[in-house]
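Shown next, in structure tokens, is the structure this report addresses.
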Amino acid sequence: MNISILNESQCQSISDQAKKLVGEMTLVEKIGQMSQVFGHNAKIPNSMREDLRAGKIGSVLNEVDLPTLNEMQRICMEESRLKIPLLIGRDVIHGFKTIFPIPLGQAASWDPDMVEKGAHVAAKEAASKGVNWTFAPMIDISRDPRWGRIAESLGEDPFLCSQLGKAMVKGFQGNDLNHKNSIAACAKHFAGYGAAEAGKDYNTALIPENEMRNVYLRPFQAVADFGVATFMSAFCDLNGVPATGNQWLMKQILRQEWGFDGVVVSDWDSIVEMTVHGFTEDDAGAARAAIQAGIDMEMASQSYRYHLHELLQRGKIDIDQINTMVSRILELKFELGLFENPFVDESEAAIILHPDHLEAAKQAAIKSCVLLKNENNVLPLSLSKTKSIALIGPLADDDYEIMGTWVFDGEAQHSISCKTGLENLLEGEVEVKYEPGLETVRSTDESRFDAAIAIAQSSDAVVMVVGEESFMSGEAHSRAEIDLPGRQAQLINAVASAGKPLILVVMAGRPLTLENVLPATDAVLYAWHPGTMGGPAIADLLFGESSPSGKLPVTFPKKVGQIPIYYAHKNTGRPPQDGGCVNINDAPVRAPQTSLGMTSFHLDAGFRPQFPFGFGLSYGDFRYENIATSHSVINMGDEIQFSADVLNAGAHEAEEVVQLYIRDLVGSVTRPIKELKGFKRIKLKPKCRERVSFILSTDDLAFYDHQSKLVSEPGLYHAWIGGSSDASLWMEFRVNE
Ligand code: BGC
10 MNISILNESQ CQSISDQAKK LVGEMTLVEK IGQMSQVFGH NAKIPNSMRE DLRAGKIGSV
70 LNEVDLPTLN EMQRICMEES RLKIPLLIGR DVIHGFKTIF PIPLGQAASW DPDMVEKGAH
130 VAAKEAASKG VNWTFAPMID ISRDPRWGRI AESLGEDPFL CSQLGKAMVK GFQGNDLNHK
190 NSIAACAKHF AGYGAAEAGK DYNTALIPEN EMRNVYLRPF QAVADFGVAT FMSAFCDLNG
250 VPATGNQWLM KQILRQEWGF DGVVVSDWDS IVEMTVHGFT EDDAGAARAA IQAGIDMEMA
310 SQSYRYHLHE LLQRGKIDID QINTMVSRIL ELKFELGLFE NPFVDESEAA IILHPDHLEA
370 AKQAAIKSCV LLKNENNVLP LSLSKTKSIA LIGPLADDDY EIMGTWVFDG EAQHSISCKT
430 GLENLLEGEV EVKYEPGLET VRSTDESRFD AAIAIAQSSD AVVMVVGEES FMSGEAHSRA
490 EIDLPGRQAQ LINAVASAGK PLILVVMAGR PLTLENVLPA TDAVLYAWHP GTMGGPAIAD
550 LLFGESSPSG KLPVTFPKKV GQIPIYYAHK NTGRPPQDGG CVNINDAPVR APQTSLGMTS
610 FHLDAGFRPQ FPFGFGLSYG DFRYENIATS HSVINMGDEI QFSADVLNAG AHEAEEVVQL
670 YIRDLVGSVT RPIKELKGFK RIKLKPKCRE RVSFILSTDD LAFYDHQSKL VSEPGLYHAW
730 IGGSSDASLW MEFRVNE
């Protein structure tokens, strides 16, 4: 399946028009198209006006003042020789003004329709302000929660990330790029950026080719096939060659193997940074390396502008390369309909923060929250039985941090905190007593702990809202420790002494290590940074107006030392077993070297994560039974159906994300112990059951072998259906040659 943006004859005509235009361009104008410069906060300096007139700028990023953008487009269309409009780029990552949950939170919804809707709302709002290109989705596989950019990712799994990445592309681009609500999407950061060593941003990524193809490249290939308009090169050094100059990646894989013919833009300064990496000697060398790799447009730095002439004269690059690149950029401008109308009417902005957008953001936040613990069904709180709640924590009444990282355009004044959300829902029927306990998440001043304990003692239940500030995740914001910052753990443990049901709401841009606070809690709702409508969404969930239904898109470690920890790991020659791991504190003194398990685990953490991938509770009580396959043996090329009964044995109607995992027991390249191959969201009333089925073909079992060929191999497979990657209901099947 792919989004058919244009039919063949439209493509041909656009390509002809672009080529014709290239034929009329001077070298200066061609290089201009390949240059993306940043805006100047609603101003157009004279030098920029001159450059626009001279055709020296192809794209502007980070300017969202509509009159300014219309004026820039006017200069291009009326005062430049060839009247070529501008691409206007912006990081519209999880909403424009209406902020949706951070992408990692959206991924926890496992709901492609919702993700598509979120991107569509973002596109509509951004387009109304003159933006026609977003730098999203970020589909870097992220298996290291120390990495700040995990917040922007869709998690650890290639299949989930591919499905949701496509949904985002669809939401941004719609079915027709030439529609006023569509903007071009950008698959980033190609590729391997998420594997930054030690989770430190911009760090080296060392990924064997087989792992690259089977894990990191999968989502990129999926969105390339699907019709994403553009790609962005990654900052990182990938196996010794910076991605921006990596011909294996950019030429062999992207252009030759996948046939991608859209625009590739560099990341910010990533061309000139190749010299800092130690890959090129100077800006001219960097520009040449980027051209040789096929980077069509340079973001921010200006090595193309200053060096391509000379590189051409010296025969270091070829004019055909430049022509092809300029053609691709022009084609995108034609597809977006910019030649016909690059202007946006100011009245379009009326749709910003439209009630429908806010409602969609609220539903997204509801579906993104993951219920990690709910001892004795302490949640949902009863509206009729609860007289008062103590609302405690530095994020309980915060309308800024709730939006999360990568928010350039959203404003705190439009977002609703948990406190306001609860007060609006409860309308005085349940008293909300509020005490932040700590001024910020980083505070070390414990002087308000007593006040927090006092309101906890005098209330029926305690809701604590803790976590990270938004700056603690995102670009360049990695952490070496990923626990609750400041004295939040101390605050939680102090408030627990009041002996009241303690419900923890965590807002964060990554999985946090919660080992030291979990015992003090009765329930934990993981809300990520939920966006503009986070407060009302959380209020609804706490009081049972909706049931939590999010599932973890990434494994939660107990301790930082377990990282990288992900469900689809290899078996090793010595897989651990429950009961087979010795705890460091239980080991005998003067223990002999070989007595302690001899399997793959940590003496101080075992081998299990805190919470597995795919995990999430709800107010329903979902049970899985009667797994069956349509065939126990199939031939290569056949399809097979898997099904199981899902029963809601609980007392609440709820949604459940039913997951299908496969294991290929023997492979010419060893295979992960489980791989997600399908998921479906279902809704079940209490005591109701539904039979859920998935169909796979043997193509869906394929992986890249050591010759980098995509192969499905005969042999024995296992299949699980369940509510997380820890699913226990399984069957066996065999694939014959
Ligand atoms: C980031 C990109 C982003 C670009 C433009 C870079 O620093 O890595 O993800 O799209 O800036 O703002």
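Numbering (the numbering used here), first residue to last: 10 to 746.
Ideal placement from N, C-alpha and C gives every residue a C-beta, glycine not left out.
Residues near residue i in its chain [Cβ-Cβ closer than 8 Å; skip 5 each side]
i, result
"Leu-1", "Since the first and last residues shown for the chain are 10 and 746, residue 1 lies out of range."
"Arg-583", "Met-607, Thr-608 and Ser-609"
"Ile-401", "Tyr-443, Glu-444, Pro-445, Gly-446, Ala-461, Ile-464, Ala-465, Val-471, Val-472, Met-473, Val-474, Leu-500 and Val-504"
"Thr-449", "Pro-403, Glu-478 and Gly-495"
Same chain only: Cβ atoms within 6 Å of residue i, ignoring 5 sequence neighbours per side
i, result
"Ala-517", "Gly-476 and Glu-477"
"Met-740", "Ile-636, Thr-638 and Ala-728"
"Leu-15", "none"
"Asp-406", "Ser-426 and Lys-428"
"Asp-531", "Glu-384, Val-387, Pro-510 and Leu-511"
"Met-10", "The pLDDT assigned to Met-10 is 48, lower than 50, so where the model puts this residue is not dependable, and the model offers no usable value."
"Ala-128", "Met-177, Gly-180 and Phe-181"
"Gly-208", "Asp-153, Arg-155, Trp-156 and Ser-487"
"Ser-482", "Gly-157, Ala-160, Thr-414, Gly-518 and Arg-519"
"Glu-524", "Lys-567"
"His-366", "Thr-107 and Val-130"
Cβ neighbours of residue i in the same chain (closer than 7 Å, five flanking residues each side left out)
i, result
"Glu-355", "Leu-75"
"Ser-506", "Ile-462"
"Glu-340", "Ile-23, Ser-24 and Ala-27"
"Leu-550", "Ile-375, Cys-378, Leu-534 and Pro-557"
"Met-81", "Ile-53, Leu-61, Val-69 and Leu-95"
"Met-86", "Lys-92, Pro-94 and Pro-351"
C-beta contact flag for residue i and residue j at 7 Å
i, j, result
"Thr-284", "Ala-298", "no"
"Ser-479", "Gly-430", "no"
"Glu-664", "Lys-692", "yes"
"Ala-485", "Asp-210", "yes"
"Met-306", "Trp-277", "no"
"Ser-312", "Asp-292", "yes"
"Ala-460", "Val-504", "no"
"Ile-574", "Pro-618", "yes"
"Lys-382", "Val-533", "yes"
"Ala-295", "Ser-137", "no"
"Phe-348", "Asn-79", "no"
"Ser-56", "Leu-96", "no"
"Gly-203", "Ile-150", "yes"
"Ala-132", "Ile-192", "yes"
"Gly-303", "Lys-260", "yes"
"Ala-399", "Asp-408", "no"
Whole-angstrom C-beta distance between residue j and residue i, which should lie under 8 Å
i, j, result
"Arg-519", "Ala-214", "Actually they do not touch by this definition, with Cβ atoms about 18 Å apart."
"Phe-712", "Arg-680", "7 Å"
"Ile-216", "Gly-419", "Their Cβ separation, rounded to whole angstroms, is 34 Å, which puts Ile-216 and Gly-419 out of contact at 8 Å."
"Gly-7", "Gly-676", "No statement about residue 7 is possible, as the shown extent of the chain runs from 10 to 746 and does not include it."
"Phe-616", "Pro-585", "4 Å"
"Arg-99", "Val-140", "4 Å"
"Phe-624", "Lys-683", "The Cβ separation is near 13 Å, so there is no contact."
"Trp-631", "Val-655", "First, the amino acid is wrong: residue 631 is Phe here, not Trp. Indeed they touch by this definition, with Cβ atoms about 6 Å apart."
"His-661", "Gly-508", "With a Cβ gap of about 26 Å, His-661 and Gly-508 do not count as contacting."
Contact test: residue i Cβ vs the ligand MG heavy atom, cutoff 6 Å
i, result
"Phe-144", "Looking at this structure, you won't find the ligand MG anywhere; what it does contain is the ligand BGC."
Residue(s) in a DSSP beta bridge with residue i
i, result
"Asn-525", "The partner list for Asn-525 (beta bridge, DSSP) is empty, contrary to what the question assumes."
"Lys-692", "Glu-664"
"Thr-8", "The requested residue 8 is not part of the displayed model; the chain covers only 10 to 746."
"Gln-650", "Ile-704"
"Arg-672", "His-727"
"Asp-246", "Pro-251"
"Ile-401", "Glu-444 and Met-473"
"Met-740", "Ala-728"
"Tyr-633", "Val-655"
"Arg-698", "Leu-656"
"Gly-615", "His-611"
"Thr-143", "Arg-99"
* Asked: If you pair each beta-carbon of the segment 661-675 with each one of the segment 729-739, do three or more pairs fall below 8 Å?
  -> yes
* **At least three beta-carbon pairs within less than 8 Å, the segment 39-59 to the segment 326-335** => yes
* Would you call the segment 507-515 and the segment 233-248 touching, i.e. three or more CB-CB distances under 8 Å? -> no
* Cβ contact check for the segment 309-319 and the segment 256-271: 3 or more pairs under 8 Å -> no
* Asked: Should the segment 73-90 be regarded as contacting the segment 385-399, the criterion being three or more beta carbon pairs within less than 8 Å?
  -> no
* **Cβ contact check for the segment 539-551 and the segment 359-376: 3 or more pairs under 8 Å** => yes
* Asked: Given 8 Å as the limit, is there contact between the segment 695-704 and the segment 585-601, that is, 3 or more CB pairs closer than that?
  -> no
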